[in-house]
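**Student:** Numbering (the numbering used here), first residue to last: 8 to 269.
Built from N, CA and C at the ideal position, the CB exists for glycine as well.
The structure presented is a predicted model; accordingly, all values stated were derived computationally and were not measured.
Here's a structure for you.
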């Protein structure tokens, strides 16, 4: 072997050694990082919660996820890898409720179920299905199904009538825009000492059934305050003492109002 060939071979061997060393260092560092996710003191082991849902029910719902591995074969209950949004979805899907989940370093989950004042009631559209499964819900002011409601013989809140057979906690039964519109409607009705018992949305209109057993038809694409200013005038100047005889008032057309007495 001549000197040139020897030098070339020596350079190749040195390069191979460097490559092996570099690979070993990288692999060792990767192994250390991968292994650090398994450290017991960085894995969630405690759950704190309010008394709205029992701790046993919470643990039963989240345990399968907490004990599972992600696509990199790392524990989902590692503090840095755990996704609180995933647990919130799991609790909602399991029927525990709408939760807010936070991580408290290094090993604790804090789970709260915020309570808001119920605004509407929603029941599944099929009466037979609703009676069989008891699927009625309280609806928040944002139009979201926030909690289960019992079957009432006389509902204490207005019922929102919406299409579809399915409903689960966290679903929006009406859009945020419809909910905002309806809040203005209710506010104006209260000013007139009128109280709704049932509401239904159609494509371009809203039907509001009153506890006095008459209904109001209004458009969705007009300012509610303007509609109710006109309604107030109609009540004071036209209907007057005949309010108890009302069958319906139709205010779907701009600058026009129709009503019928029983």
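Would you mind sorting residue 155 into buried or exposed? The rule is 16 or more other CB atoms within 10 Å of its CB.
**Tutor:** The sequence position of residue 155 within the chain shown is 148, counting from 1. Residue 155 should be labelled exposed.
**Student:** Could you tell me if residue 150 is buried or exposed, where buried requires 16 or more neighbouring beta carbons within 10 angstroms of its beta carbon?
**Tutor:** Counted from its first residue, the chain shown places residue 150 at position 143. By the neighbour-count rule (16 or more Cβ atoms within 10 Å), residue 150 is buried.
**Student:** On the three-state DSSP scale, how would you describe residue 159?
**Tutor:** Position 152 of the chain shown holds residue 159. The answer is coil: DSSP assigns residue 159 none of H, G, I, E or B.
**Student:** Using a Cβ distance threshold of 8 Å, determine whether the region 202-215 contacts the region 183-194, with at least three qualifying pairs required.
**Tutor:** Short answer: they touch.
**Student:** Report the option in 180, 241, 231 and 252 whose CA atom is closest to the CA atom of residue 129.
**Tutor:** Working through the chain shown from its first residue, we reach residue 129 at position 122. Taking only the C-alpha atoms, the option nearest residue 129 is 180.
**Student:** For a quick check, are the C-beta atoms of residue 268 and residue 252 less than 8 Å apart?
**Tutor:** What you label residue 268 is simply residue 261 of the chain shown in a count that begins at 1. What you label residue 252 is simply residue 245 of the chain shown in a count that begins at 1. For residue 268 and residue 252, yes; Cβs fall inside 8 Å.
**Student:** Would residue 256 be called buried (16 or more neighbouring beta carbons within 10 Å of its own) or exposed?
**Tutor:** Start at 1 with the first residue of the chain shown, and residue 256 comes out as number 249. That one is buried.
**Student:** By the 10 Å Cβ neighbour count, where 16 or more other Cβ atoms means buried, how is residue 235 classified, buried or exposed?
**Tutor:** As a position in the chain shown, residue 235 is number 228, starting the count at 1. Residue 235 is buried by the Cβ-count criterion.
**Student:** In this structure, does DSSP put residue 66 in helix, strand or coil?
**Tutor:** On the chain shown, residue 66 is found 59 positions in, with the first residue counted as 1. DSSP places residue 66 in helix when its eight states are reduced to three.
**Student:** Spatial neighbours of residue 88 within its chain, please: C-beta separation below 8 Å, excluding the five flanking residues on both sides.
**Tutor:** In the chain shown, counting from the first residue as 1, residue 88 sits at position 81. These residues qualify, in order along the chain: 44, 77, 81 and 82.
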